[in-house]
Each structure stands twice: as structure tokens, then as C-alpha cells.
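In what follows, a single structure is set out as C-alpha cells and then discussed.
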Amino acid sequence: MISFVAVILAFVTAALLLTAAGQNALQSFAGMASTAVGSNFAVGTTLTKAVPRLLPALGVALALRSGLWNIGAEGQIYLGAAAAAAVALFGPPLSFPLGTALALIAAMIVGAAWAAIPGALRAYRGLNEVITTLMMVYVAVQLTNYLIEGPWLVPNSTWPATPLIPFAFKLPPIWPGTLVNGGAILAIVGVAVLAFVVNRTTFGLWLRAIGGNERASEVIGVPLRPMIVAALAASGAFAGLAGGIEVLGVRGRLLEGFSPGYGFEAIAIALLGRLSPLGILGASLLFGALDAGAAGLQVASVGISSAIAPVIEGLAVGYLLAALGLAEIISRRREARSALQSAVRS
Amino acid sequence: MDISAAILLLAATVAFAAPLIFAALGELISEKTGVINIELDGMMLAGAFCGVWAALDSGSLTIGFIGAALGGVLVALAHGLLCFVFRAEQVVSGVVLNILVLGLTTFGIGPIFGADLGRAAPTLQPISLPYLSDLPIVGRALFSQTPTVYLAFLLVPAAWWLINRTTFGLALQAVGEAPAAGLSMGIKVRRLRWFALIACGALAGIGGSQLTLAGLGTFTQNVTAGRGFIALAAVIFGGWRPFGTLLAVLLFTLVEAIQVRAQALGIHLPYQFLVMAPYVVTILALAVFVGRSRPPRALGTND
Numbered sequence: 153m154i155s156f157v158a159v160i161l162a163f164v165t166a167a168l169l170l171t172a173a174g175q176n177a178l179q180s181f182a183g184m185a186s187t188a189v190g191s192n193f194a195v196g197t198t199l200t201k202a203v204p205r206l207l208p209a210l211g212v213a214l215a216l217r218s219g220l221w222n223i224g225a226e227g228q229i230y231l232g233a234a235a236a237a238a239v240a241l242f243g244p245p246l247s248f249p250l251g252t253a254l255a256l257i258a259a260m261i262v263g264a265a266w267a268a269i270p271g272a273l274r275a276y277r278g279l280n281e282v283i284t285t286l287m288m289v290y291v292a293v294q295l296t297n298y299l300i301e302g303p304w305l306v307p308n309s310t311w312p313a314t315p316l317i318p319f320a321f322k323l324p325p326i327w328p329g330t331l332v333n334g335g336a337i338l339a340i341v342g343v344a345v346l347a348f349v350v351n352r353t354t355f356g357l358w359l360r361a362i363g364g365n366e367r368a369s370e371v372i373g374v375p376l377r378p379m380i381v382a383a384l385a386a387s388g389a390f391a392g393l394a395g396g397i398e399v400l401g402v403r404g405r406l407l408e409g410f411s412p413g414y415g416f417e418a419i420a421i422a423l424l425g426r427l428s429p430l431g432i433l434g435a436s437l438l439f440g441a442l443d444a445g446a447a448g449l450q451v452a453s454v455g456i457s458s459a460i461a462p463v464i465e466g467l468a469v470g471y472l473l474a475a476l477g478l479a480e481i482i483s484r485r486r487e488a489r490s491a492l493q494s495a496v497r498s
Numbered sequence: 296m297d298i299s300a301a302i303l304l305l306a307a308t309v310a311f312a313a314p315l316i317f318a319a320l321g322e323l324i325s326e327k328t329g330v331i332n333i334e335l336d337g338m339m340l341a342g343a344f345c346g347v348w349a350a351l352d353s354g355s356l357t358i359g360f361i362g363a364a365l366g367g368v369l370v371a372l373a374h375g376l377l378c379f380v381f382r383a384e385q386v387v388s389g390v391v392l393n394i395l396v397l398g399l400t401t402f403g404i405g406p407i408f409g410a411d412l413g414r415a416a417p418t419l420q421p422i423s424l425p426y427l428s429d430l431p432i433v434g435r436a437l438f439s440q441t442p443t444v445y446l447a448f449l450l451v452p453a454a455w456w457l458i459n460r461t462t463f464g465l466a467l468q469a470v471g472e473a474p475a476a477g478l479s480m481g482i483k484v485r486r487l488r489w490f491a492l493i494a495c496g497a498l499a500g501i502g503g504s505q506l507t508l509a510g511l512g513t514f515t516q517n518v519t520a521g522r523g524f525i526a527l528a529a530v531i532f533g534g535w536r537p538f539g540t541l542l543a544v545l546l547f548t549l550v551e552a553i554q555v556r557a558q559a560l561g562i563h564l565p566y567q568f569l570v571m572a573p574y575v576v577t578i579l580a581l582a583v584f585v586g587r588s589r590p591p592r593a594l595g596t597n598d
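Top line first, the protein sequences correspond to chains C and Y. For the first sequence, the working numbering assigns the number 153 to the initial residue and increments by one for each residue that follows. For the second sequence, the working numbering assigns the number 296 to the initial residue and increments by one for each residue that follows.
Listed below in C-alpha cells is the structure:
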């Protein structure tokens with residue numbers, strides 16, 4: 153509810169910005185709507201652009217349930233993509249669906265392993281995972297760039313991309329006439345998995361126990377250190393899967409800079425969705441629609457940058473943070489007042 | 296490598312260092328009080344943008360730099376508002392502000408600078424320091440820089456003195472180590488954090504404007520290209536000390552200079568490994584020297 157208000161405020165602010173820039177805000181938004189939800193193809197584009205945001209956001213939320221920040225989803229996405237591409241390009245010639253499954257599993261394993269490093273550094277050496285996950289983003293991106301521009305480059309090409317992956321490894325389209333591929337189904341499964349793991353498993357219970365109180369959780373027998381590693385690894389697996397889906401379902405090859413910051417947006421999405429799997433689904437659909445709409449904006453309003461989409465995203469989460477803070481301030485005042493009242497009465 | 300190549304490398308190392316020194320010193324002061332700014336890159340970007348805007352509009356470089364500082368401060372104020380007033384997590388606020396500032400500065404290019412990208416703001420010119428620039432070999436490399444480069448290097452001892460030799464600096468550190476104890480000793484925790492955060496915004500903004508006003512005088516999308524994160528790494532690699540941070544910055548910019556001149560130097564290492572080097576060494580340093588250098592205890596907490 154509070155997220156809705158924040159999103160509406162963000163759109164109002166964006167309308168003011170567009171007006172200040174000399175644009176007709178309504179016309180701009182109509183342009184955005186046409187390429188975000190205006191046709192089957194537009195809806196398909198929105199869904200396809202929601203997937204690489206949804207999965208990492210689920211991972212961020214999972215880690216955050218145990219109080220851990222995975223700021224490095226962006227890097228895990230890139231390495232997951234690289235792993236999927238490696239299996240598809242250099243692996244055994246498997247047929248569908250075995251090859252696709254293997255490539256996606258490789259993506260999840262590599263994403264998990266990359267995130268497990270800051271997990272282990274946190275668990276066994278006490279390093280702040282905010283700093284290490286963030287720093288490792290740039291290492292991961294450069295490693296991927298090296299693979300793309302170096303050993304995996306299309307022979308004699310200057311365009312930084314690997315050759316196309318074999319057809320048998322691709323995630324097939326599932327909605328004719330649109331871009332939607334099998335990754336969308338995996339993303340929905342991801343939503344269900346997160347809900348199940350967090351609420352119905354011992355692992356989830358332990359996660360929440362650590363998130364509630366680290367010391368106390370250890371006292372009641374939660375294996376704290378392995379759990380910290382596992383939580384970040386699981387988080388990285390979600391992000392890695394997103395990277396794999398981009399390669400196998402969307403791009404068909406590993407491409408330099410294919411993620412414009414999905415992993416960072418994932419943090420905003422996890423928050424906007426208030427860490428609930430369904431909330432995160434909704435928030436990632438919104439971000440996907442904004443991304444898809446940005447293309448239509450440029451058609452509707454000549455000379456306007458599509459950058460209004462990230463502006464709306466940033467504003468929405470900013471307003472949400474402010475609204476949450478305000479709600480807490482108000483409730484605390486109310487509590488203080490009722491406490492005072494009862495003190496005066498007695 | 297002959298001597299002239301070495302001198303060119305040295306000159307580039309020093310010149311590249313200025314934006315990072317400003318931003319890293321700002322972040323250092325802020326982290327000393329327990330406030331982490333993941334949005335440091337956003338602060339630099341806002342400074343780079345507003346610096347060009349102000350310099351173009353006024354035709355004055357001085358006003359350009361004031362504009363740059365204000366741009367960074369604006370981001371700092373947003374961070375403070377979200378974290379101190381609305382008690383948001385600093386990490387979240389930082390990530391979101393980065394997204395927002397990158398979006399806003401990209402969106403603003405068209406409406407503010409127009410299609411005419413040829414219109415450039417006035418830019419800083421190098422000044423050769425008398426006598427020093429006549430020194431053999433290193434003179435022209437080190438002492439023929441823009442004035443802000445000299446200022447950046449002078450700020451390092453100033454920051455050291457402020458943090459370690461003044462009551463004010465000790466109070467700043469107390470706030471970052473044990474805010475509750477500081478409060479009980481009569482230190483105005485909230486006020487000091489606001490001060491450090493705003494100082495960080497101003498310094499990072501000026502640092503960002505180095506990339507535009509000491510360069511081509513035009514703003515391009517995402518002109519900082521992640522330098523805010525390198526500055527963040529430098530503070531950590533430097534062990535949260537001013538001179539350590541300076542050394543970290545110089546090490547990182549030496550690597551950057553090598554990367555830019557790799558071909559001329561005949562280095563065949565893939566450049567991606569040079570780009571990732573600052574982050575790798577920072578993580579390694581943290582992992583190996585655990586306990587020897589550590590962040591302020593209250594880093595990331597709001598009260």
C-alpha cells in the first residue's frame with residue numbers, strides 16, 4: 153500500500169520534470185504506456201525485461217532476511233551469464249532440454265560460488281559484506297569482459313560479443329509473437345521457491361532467526377557461520393540464473409554490458425516489494441514496464457532521454473524510504489503519548 | 296621503459312589522482328563519523344554535471360566549482376534526510392541515490408545543455424609552479440598541473456591534521472567509534488554527522504567536476520564511470536587514514552595510467568585485469584590484514 157503511494161508520487165514528480173523540460177507529460181506517459189502495455193508484444197517486452205530484475209531481487213531479499221546485504225548481484229549476473237555461455241559454447245553437444253538445464257545450473261553454481269566468497273569472508277574473517285560484495289561486482293564485470301574480448305570473441309570481430317550459442321541450448325519462446333521465453337516461467341518458479349524456502353523450511357527459519365538476532369540464533373543452535381555463507385550463496389544463485397536466462401533466452405550470446413545495472417535495481421526492487429515474493433514480483437513488473445516504456449517515450453517526445461525511467465525508479469524507492477520513516481516516527485510518537493497518558497493516569 | 300615514458304606515466308598518475316583524492320577524503324571524513332556513502336559516485340556525477348552547468352551559465356570557473364560542490368551537497372542532503380531523519384539503511388539509500396542521480400544527470404543533458412554539445416564551459420588550465428617546474432626530469436611532470444591538483448594534494452595533510460590533531464577531529468572519530476559514548480560526553484552526534492556528510496558531498500562534487508571542468512568542459516552520460524567506487528576502495532585500502540588513502544589513490548591511478556599507456560609501454564596484459572586491480576587488492580588487503588586496519592565501529596548505523 154505504502155509502496156503504491158510512493159510509486160504514484162514518483163510519477164507525479166516525473167511529470168513535473170518532463171513539464172519543466174518543455175514536454176507534454178501526459179503525451180510522454182502515453183508514449184511509454186504504448187510500448188510497455190499497449191499491445192501483446194509490448195506486454196511481452198515488459199515481462200521479458202522484468203525477469204532479469206525479478207530473480208536477483210528475490211536473491212537480495214533472501215539474503216536480507218538473514219540481515220545480509222548482497223550489493224553484488226550485478227557481478228553474479230555477469231558471471232552466471234558467462235557460465236551459461238561457456239556450457240553452451242564449449243560443452244558437450246546436448247539436445248534440448250538437457251543442454252539448457254545444464255547451462256542454467258552452471259549459471260546458478262557460478263553465481264552462488266562468487267557470492268559465497270564474500271559470505272565466507274564475512275563468516276570467518278568478519279569482513280563487512282556490503283564492501284566486499286560491492287567491490288567484487290567490478291572484478292566480475294571485468295572478468296566477463298576479458299572472456300568476451302579475449303578468448304571467446306567472434307573470430308576477427310571488433311564487436312564485443314561471443315558467437316551465437318547453439319540452438320539446442322536456447323530457452324524457447326513461450327508466447328508466439330512476443331519476446332517472452334522460458335525464463336519467465338523459471339522466474340515465476342523462483343517466486344514460489346523463495347516463498348517456500350523462507351516460510352516452510354528449516355533453512356528459512358534459520359535465515360529469519362539470524363536476521364532477528366545473530367547472537368541469539370547461535371545460542372539456540374543455528375550453525376551461524378555456514379548459514380551466512382549459504383545465505384549469500386543462495387542469493388547469488390538467483391542472480392546467476394538471471395544472467396543465464398539473459399544469454400540463453402534473450403540475447404542468444406554473451407554480450408559485453410548486457411546488464412545495465414539489473415543487480416543494483418534488484419536492491420531497489422526487493423525494498424519496494426517489502427521483501428515479500430509477491431511484492432517483489434509486482435515491483436519488478438513495474439521496473440520492467442518502465443524499461444520497456446522508455447523506448448516509447450523517445451518516440452512520443454523527440455529529444456527526451458529515456459533516462460526518465462531510472463529517475464522514476466529511484467524516486468519511487470526514495471519516497472518509499474521516506475514514507476516508511478515517517479510512519480515509524482508517527483507510530484513512535486503515538487506510543488510515547490499513550491505511555492505518557494497511562495503514566496499520568498496511574 | 297625509457298625515462299620520458301616514465302615521466303609521462305608519473306604526470307598522468309598525478310593528474311588522474313585529483314578527482315579521487317577529493318572524493319576519497321570526503322568519504323574518509325564521513326566514514327570517520329560512521330556514515331558510509333555508496334552514492335559517492337552519484338555525488339561525483341552530480342558535481343560533474345552541476346559544475347559544467349554553473350560554469351556555462353556564468354562563464355566563471357569559480358562559480359562552476361561552487362556549483363559542483365552544491366551538486367554534491369544536494370546528494371549528501373538527500374542521503375542525510377533518508378538516513379538520519381527517515382532512518383533508512385545507509386546502504387539502500389546509497390544504491391537508490393546512485394540510480395536516481397545517474398538517471399537525472401542523463402535526463403538533464405538534453406534540456407540543460409541542449410543538442411549543441413559543442414558548447415563547452417571554460418576549463419582549468421595547467422599552471423607551472425615557479426622553480427619547482429624547472430626541476431630536472433620530474434619538474435614538468437609533477438608541477439605543471441591544474442590548480443585543483445595542487446589543492447587536492449594539499450588537502451591530504453589538512454585532513455590528517457583536522458582528524459588527528461584537533462578536538463573537532465577527535466569528536467568526529469568518537470562519533471564513528473562509539474556514538475552512544477560520544478553523546479554522553481556531550482558531543483552533538485547528529486550535528487557532526489551532518490557536517491561530515493555535507494563536507495563529503497562538497498568534496499566529492501568538486502572531485503567530480505575535475506572530470507569535466509579540468510577536462511573538455513562538457514558533460515557526458517556517466518562521466519565518472521565508477522570512479523566513486525574506486526575512491527570508496529581507496530579509503531578502505533588506505534586503512535581509513537588520510538595518507539594511506541592518498542597512497543591507495545596514487546597506486547590505483549598509476550595502474551590507470553599504465554592502462555591508458557599500455558600500448559606505448561609495450562605491456563600485453565589484458566587491460567581488464569588492470570581495471571579490476573584496485574578492487575582485487577582492496578579485498579585482498581581486507582582479508583589478509585584483518586584487525587590491523589578496520590572500519591569505524593559504528594559504520595553504517597544511524598544512531
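Positions of the beta carbon are idealized from the N, C-alpha and C atoms, including for glycine.
Determine, using beta carbons only, whether residue i comes closer than 8 Å to chain C.
| i | result |
| --- | --- |
| residue 388 of chain Y | yes |
| residue 414 of chain Y | no |
| residue 571 of chain Y | yes |
| residue 332 of chain Y | no |
| residue 521 of chain Y | yes |
| residue 427 of chain Y | no |
| residue 575 of chain Y | yes |
| residue 318 of chain Y | no |
| residue 548 of chain Y | no |
| residue 531 of chain Y | yes |
| residue 342 of chain Y | no |
Around the C-beta of residue i, are 16 or more other C-beta atoms found within 10 angstroms, so that it is buried, or is it exposed?
| i | result |
| --- | --- |
| residue 222 of chain C | buried |
| residue 239 of chain C | buried |
| residue 230 of chain C | buried |
| residue 558 of chain Y | exposed |
| residue 439 of chain C | buried |
| residue 336 of chain Y | buried |
| residue 187 of chain C | buried |
| residue 456 of chain Y | exposed |
| residue 471 of chain C | buried |
| residue 218 of chain C | buried |
| residue 563 of chain Y | exposed |
I want to check one thing, is the minimum distance from the CB of residue i to the heavy atoms of the ligand SAM below 7 Å?
| i | result |
| --- | --- |
| residue 334 of chain C | This structure does not include the ligand SAM; it has no bound ligands of any sort. |
Do you know offhand how far residue i's Cα is from residue j's?
| i | j | result |
| --- | --- | --- |
| residue 474 of chain Y | residue 285 of chain C | 26 Å |
| residue 345 of chain Y | residue 248 of chain C | 53 Å |
| residue 485 of chain C | residue 492 of chain C | 10 Å |
| residue 409 of chain C | residue 461 of chain Y | 47 Å |
| residue 361 of chain Y | residue 420 of chain C | 31 Å |
| residue 680 of chain Y | residue 185 of chain C | The question about residue 680 of chain Y has no answer, for chain Y in this structure spans 296 to 598. |
| residue 354 of chain Y | residue 198 of chain C | 44 Å |
| residue 384 of chain C | residue 348 of chain C | 17 Å |
| residue 403 of chain C | residue 340 of chain C | 20 Å |
Spatial neighbours of residue i within its chain, please: C-beta separation below 6 Å, excluding the five flanking residues on both sides.
| i | result |
| --- | --- |
| residue 572 of chain Y | 550 |
| residue 512 of chain Y | 415, 416 and 418 |
| residue 442 of chain Y | 422 |
The alpha helix (DSSP H) spanning residue i covers which residue range?
| i | result |
| --- | --- |
| residue 380 of chain Y | Careful: residue 380 of chain Y lies outside any alpha helix (DSSP H) and carries neither H nor E. |
| residue 284 of chain C | 281-301 |
| residue 613 of chain Y | Absent from the structure is residue 613 of chain Y, since the part of chain Y shown begins at 296 and ends at 598. |
| residue 505 of chain Y | 484-508 |
| residue 326 of chain Y | 298-327 |
| residue 226 of chain C | 225-242 |
Using a Cβ cut-off of 8 Å (strictly closer), state whether residue i contacts chain Y.
| i | result |
| --- | --- |
| residue 416 of chain C | yes |
| residue 360 of chain C | no |
| residue 273 of chain C | yes |
| residue 287 of chain C | yes |
| residue 471 of chain C | no |
| residue 232 of chain C | no |
| residue 497 of chain C | no |
Got a sec? Which residues, its chain only, sit under 7 Å from residue i by beta carbon, not counting five neighbours each side?
| i | result |
| --- | --- |
| residue 464 of chain C | 162, 163, 166 and 442 |
| residue 377 of chain Y | 383 and 388 |
| residue 413 of chain C | 226 |
In its own chain, which residues sit with a C-beta less than 8 Å from the C-beta of residue i, not counting the 5 before and 5 after it?
| i | result |
| --- | --- |
| residue 425 of chain C | 155, 209, 213, 431, 432, 433, 434, 435 and 436 |
Going along the stretch 347-379 of chain C in order, which residues come within less than 7 Å of chain A, judged by CB to CB distance? Protein chains C and Y are contained in the structure displayed, whereas chain A is not.
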